[in-house]
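Here is the structure we will look at, set down as structure tokens.
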Amino acid sequence: MILLFDEPLVHSYYNVAFRSAWLGAVAGAGLVWFFVGPCINVFGIYIGAVAFFHLMEYLMTAPFKSGKDLNMDTFLLNQTVAYQMAFAFSVFEFLAECFLFPDFKLRAGWMVPVRAVGLVLVVAGQFFRSRAMWEAGRSFNHFVQSERRSDHTLVTKGLYAIIRHPSYFGFYWFSIGTQLLLGNPIGLVAYLVALQAFFASRIVDEEFHLCRMFPGQYEAYMARVHRWMPLIMPPARKTMPAAGAEKDPTKAQ
Numbered sequence: 001m002i003l004l005f006d007e008p009l010v011h012s013y014y015n016v017a018f019r020s021a022w023l024g025a026v027a028g029a030g031l032v033w034f035f036v037g038p039c040i041n042v043f044g045i046y047i048g049a050v051a052f053f054h055l056m057e058y059l060m061t062a063p064f065k066s067g068k069d070l071n072m073d074t075f076l077l078n079q080t081v082a083y084q085m086a087f088a089f090s091v092f093e094f095l096a097e098c099f100l101f102p103d104f105k106l107r108a109g110w111m112v113p114v115r116a117v118g119l120v121l122v123v124a125g126q127f128f129r130s131r132a133m134w135e136a137g138r139s140f141n142h143f144v145q146s147e148r149r150s151d152h153t154l155v156t157k158g159l160y161a162i163i164r165h166p167s168y169f170g171f172y173w174f175s176i177g178t179q180l181l182l183g184n185p186i187g188l189v190a191y192l193v194a195l196q197a198f199f200a201s202r203i204v205d206e207e208f209h210l211c212r213m214f215p216g217q218y219e220a221y222m223a224r225v226h227r228w229m230p231l232i233m234p235p236a237r238k239t240m241p242a243a244g245a246e247k248d249p250t251k252a253q
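Terminal number for the sequence shown in the UniProt record's numbering: 253, no gaps in between.
Okay, structure coming up:
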């Protein structure tokens, strides 16, 4: 599904409407498949959840962005090759194990609670992700920002009061949940390793810049609010700038 959108498109009403309708149709078809599909109906929930995730990425961003900050990439459909490979592998593993080990994949009684936990994580992860994006508003960005823009504020209320990176938190548990939902043991381990590598690096970079853009404020925020993402252990932190080191922290690019 994701591989269909590798080519960049002009950000127009038509393209946004077409892509949104397509994702909505896939999400709806996945839900229908779950309830009336002839076999492996849990796969319908997975496909529907992934389609809904990408649709919400745009819908939670569009009300607060315009111009070059809002484009077709906001759907996150043409992400990195690693992301696309992870999606393709999770589908391949699920279907291959259904064919090779049907008793393990489809009829094992213990799979029911595992998939139930996975479904809860997918729903909860999507909620936290979308809610965090909405609460951040104009301050949310899909890319790590190195300079503070005039409309960039430090959000510390709502979900941000209890989780330091609630949008990452949501995506982390959403991703883990998809593999539990599918019952993919290899995918689960692979996703844990990939998420660790991705977030450990990204969080260090992002928090370095946030400490520079909000001297003193972000260090205090870090001290009182945790990430709540187990196994995400950033390497040694970059040297943080001293509070007040930036003469004009509001200067935008």
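We put the CB at the ideal spot given by N, CA and C, even for glycine.
These figures come from a predicted structure and were not determined experimentally.
By the Cβ neighbour-count rule, Ala136 is buried, with 16 or more other Cβ atoms within 10 Å of its own.
No Cβ-Cβ contact shorter than 8 Å links Val114 with Gly158. Contact between His11 and Leu70 holds: their C-beta atoms lie close to 7 Å from each other, under 8 Å. Taken atom to atom, the span from the alpha-carbon of Leu59 to that of Met213 is near 27 Å. Judged by pairs of C-beta atoms under 8 Å, the region 206-222 touches the region 144-156, as three or more such pairs exist. About 20 Å separates the beta carbon of Ala27 from that of Leu9, a gap too long to meet the 8 Å contact definition.
For Asn141, the closest of Leu121, Val123, His165 by C-alpha to C-alpha distance is His165. Between the beta-carbon of Ala132 and that of Ser175 there is about 15 Å, and that puts the pair past the 8 Å contact cut. For the pair of segments examined, the region 14-31 was found to touch the region 46-53: the number of CB pairs separated by less than 8 Å reaches three. Short of 6 Å from the beta carbon of Leu119, and not among the five residues preceding or following it, lie these beta carbons of its own chain, in chain order: Leu181. Counting along the chain, Tyr221 sits inside the alpha helix (DSSP H) bounded by residues 217-224. If you draw a straight line from the Cα of Ser201 to the Cα of Tyr218, it is about 18 Å long. In this structure, the alpha-carbon of Ser150 lies about 10 Å from that of Arg138. Secondary structure note for Ala86: its alpha helix (DSSP H) is the uninterrupted segment 81-100. Spanning the alpha carbons of Gly216 and Arg224 requires a straight line of approximately 13 Å. Here the C-alpha atom of Glu93 lies approximately 20 Å from the C-alpha atom of Trp173. With a cutoff of 8 Å on beta-carbon distance, Met229 and Phe169 are scored as near each other. One alpha carbon belongs to Phe53, the other to Gln84, and they sit about 14 Å apart. In this structure, Ala108 sits away from Ala194, with a CB-CB distance that is not shorter than 8 Å.
In the structure shown, the three-state DSSP call for Gln126 is helix. The same chain holds no residue with a CB closer than 6 Å to that of Ala190 once the five nearest residues on each side in sequence are set aside. When DSSP states are grouped into helix, strand and coil, Asn141 belongs to the coil group. For Gly187, the uninterrupted alpha helix (DSSP H) run begins and ends at 185-213, by DSSP.
Between the alpha carbons of Val81 and Gly187 lies a gap of roughly 16 Å.
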